[in-house]
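Presented below is the structure to which this report refers.
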Amino acid sequence: MRFVVTGGAGFVGSHLVKLLVREGHQVKVIDNLHTGKMENLEKVIEDIEFCKLDIQDFDSMEKELKDTEGVFHQAALTVVQDSFKIPEKYHNVNVDGTENIFKIAQKNNFKVVYASSSSVYGHQDIVPILENFEKKPINPYGKTKLDDEVLAEKYAKQGVGIIGLRYFNIFGKGQTLEYAGVITKFLDRLRDKESPIIFGTGSQIRDFIHVEDIAKANLLAMKSDVSFTHANIGTGNSISILELAKIMIDISGLKLEPIMEKALEGDIEKSQSDNSLARKLFNWKPEKRLEDWLKETIK
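This note's numbering applies: residue 1 is where the sequence shown begins, and numbers increase by one.
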């Protein structure tokens, strides 16, 4: 099939592109290279079409999407702390840019699988989190993702096939500070034989999901008969940030203790998915274990 991946030079997008190429699909990557990197696509660059383009450019996007059979929309600004500083830019890219994709999908009749986020839930007292829990994002980034979901429902009611995947905390090869930044930061500190820095008490819990499992979820959602839904993509398990730091220190063999600092603005306390909907609708399940990856990466 002919697919387009927006943000395809980024962390998640590039893993998805490689999976699509392995599966024998024709792939066009659209990326403005704001955070994406061409080196992420080095291994498949001869097998894809690349277009440097911003999703906010509606006319150019319409031309590039005219012959596609499906769009995996991964392009977005994702750094929570930055979203407090430049909320208007986050809205322009994450909301207006996403609506461009939905509008073109409506006109050209293709399906969209797009990246939503667990950040739409905000603080939740009960975990694991189900899809029907109240949505109450606590930062501008999460608000843009919730705005996208409102738009998705609007366009779905007009006949557009749209599936939003609410990613929990992503990790894996090539990860950047934009995704699962805590793991990246801990790894950087340990490589320099320095203690990991924890912001807050360390009691915050996270559901870490491997990027290859994210990529598979996207493809299975696209192939599915589901025309509209929003589904959690996480492992269903959780680990505290303090526990994560201690595990990583233990694997490194260094005699260190985490450094505790003031909590970050917009940081969620409890994030753990109930992933039963994605398992049921897409026949998807997570396969990569965080601790196995940490052992392999740190050693």
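Virtual Cβ for every residue (Gly too), placed ideally from N, Cα, C. Keep in mind the model is a prediction, meaning the values are calculated, not measured.
Nonlocal neighbours in the same chain, by C-beta distance under 8 Å from residue 170, ignoring five residues either side: Within the sequence shown, residue 170 is the residue found at index 170, counting from 1. The residues are 11, 12, 179, 180, 208, 209, 210, 211 and 214.
For residue 49, the residue or residues it bridges with in DSSP: As a working mapping, residue 49 is identified with position 49 in the sequence shown. Under DSSP, the beta-bridge partners assigned to residue 49 are 28.
Test item: CB-CB of residue 233 and residue 283 under 8 Å: Taking the first residue of the sequence shown as 1, we reach residue 233 at position 233. Taking the first residue of the sequence shown as 1, we reach residue 283 at position 283. No, these two residues do not count as a Cβ contact at 8 Å.
Contact under 8 Å by Cβ, residue 104 with residue 62: In the sequence shown, counting from the first residue as 1, residue 104 sits at position 104. In the sequence shown, counting from the first residue as 1, residue 62 sits at position 62. Their beta carbons are under 8 Å apart, which means residue 104 touches residue 62 by this criterion.
Within the region 178-241, ranges of the beta strand (DSSP E) (whole runs, at least 3 residues): Whole beta strand (DSSP E) segments, 3+ residues: 197-199, 208-210 and 228-233.
Exposure of residue 263, with buried meaning 16 or more beta-carbon neighbours within 10 Å: Translated into positions along the sequence shown, residue 263 becomes position 263. Result: exposed.
Nearest-angstrom beta carbon gap, residue 94 and residue 145 [assumed within contact, 8 Å]: Here residue 145 refers to the residue found at position 145 when the sequence shown is read from its first residue. Here residue 94 refers to the residue found at position 94 when the sequence shown is read from its first residue. A Cβ-Cβ distance of about 7 Å is found for the pair residue 145 and residue 94, placing them in contact under the 8 Å criterion.
Straight-line Cα distance separating residue 64 from residue 52: The residue labelled residue 52 in the question sits at position 52 within the sequence shown. The residue labelled residue 64 in the question sits at position 64 within the sequence shown. In this structure, the CA atom of residue 52 is about 11 Å from the CA atom of residue 64.
Cβ neighbours of residue 33 in the same chain (closer than 7 Å, five flanking residues each side left out): As a first step, residue 33 must be located in the sequence shown, where it is residue number 33. Closer than 7 Å at Cβ, skipping near neighbours: 9 and 52.
Exposed unless 16 or more other CB atoms sit within 10 angstroms - verdict on residue 203: Here residue 203 refers to the residue found at position 203 when the sequence shown is read from its first residue. Within a 10 Å sphere around the beta-carbon of residue 203 sit fewer than 16 other beta-carbons, which makes this residue exposed.
Same chain, Cβ closer than 8 Å to residue 3, neighbours up to 5 away in sequence not counted: Indexing the sequence shown from 1 puts residue 3 at position 3. Excluding five sequence positions before and after residue 3, the CB atoms of its chain that fall closer than 8 Å to its own CB belong to 20, 25, 26, 27, 28, 68, 69, 70, 71, 72 and 222, given in chain order.
Nearest-angstrom Cα separation, counted from residue 251 out to residue 151: As a working mapping, residue 151 is identified with position 151 in the sequence shown. As a working mapping, residue 251 is identified with position 251 in the sequence shown. Their Cα atoms are separated by approximately 44 Å.
Bridge partners - residue 169, DSSP secondary structure assignment: Here residue 169 corresponds to residue number 169 of the sequence shown, with the count starting at 1. According to DSSP, which records beta bridges pairwise, residue 169 is partnered with 208.
Pairwise C-alpha distance: residue 153 and residue 190: Taking the first residue of the sequence shown as position 1, residue 190 is located at position 190. Taking the first residue of the sequence shown as position 1, residue 153 is located at position 153. C-alpha separation (whole angstroms): 44 Å.
Test item: CB-CB of residue 245 and residue 196 under 8 Å: On the sequence shown, position 245 is the one that residue 245 refers to. On the sequence shown, position 196 is the one that residue 196 refers to. Yes, they are a contact pair.
Residue 260: first and last residue of the uninterrupted beta strand (DSSP E) it sits in: In the sequence shown, counting from the first residue as 1, residue 260 sits at position 260. From DSSP, the beta strand (DSSP E) with residue 260 extends over 259-261.
Buried versus exposed, by CB contacts within 10 Å (16 or more), residue 248: To locate residue 248, count along the sequence shown from 1; it is residue 248. Result: buried.
Beta-carbon contacts of residue 56 that lie in its chain and below 8 Å, excluding the five residues immediately before and after: Start at 1 with the first residue of the sequence shown, and residue 56 comes out as number 56. Excluding positions up to five away in sequence, the list reads 92, 93, 96, 97 and 100.
Option in 46, 164 and 121 with minimal Cα separation from residue 133: Translated into the one-based positions of the sequence shown, residue 133 becomes position 133. With distances taken between CA atoms, residue 133 lies nearest to 121 out of 46, 164 and 121.
Residue 316 vs residue 200 beta-carbon contact at 8 Å: Here the chain covers residues 1 to 299 and nothing more, so residue 316 does not appear.
Residue from 77, 45, 206 and 194 with nearest C-alpha to residue 237: Position 237 of the sequence shown holds residue 237. Comparing Cα-Cα distances from residue 237 to each of 77, 45, 206 and 194, the minimum goes to 206.
Residue from 126, 112 and 124 whose Cα sits closest to the Cα of residue 160: Walking along the sequence shown from the start, residue 160 turns up at place 160. When only C-alpha atoms are compared, the closest one is 112.
Neighbour-count burial assignment, residue 139, 16 or more Cβ in a 10 Å radius: The count along the sequence shown starts at 1 and reaches residue 139 at position 139. Residue burial is scored here from C-beta neighbours: residue 139 has at least 16 other C-beta atoms within 10 angstroms and is therefore classed as buried.
Cα-Cα separation between residue 7 and residue 157, rounded to whole angstroms: Residue 7 sits at position 7 when you count from the first residue of the sequence shown. Residue 157 sits at position 157 when you count from the first residue of the sequence shown. Per the coordinates, the alpha-carbon of residue 7 lies some 26 Å from the alpha-carbon of residue 157.
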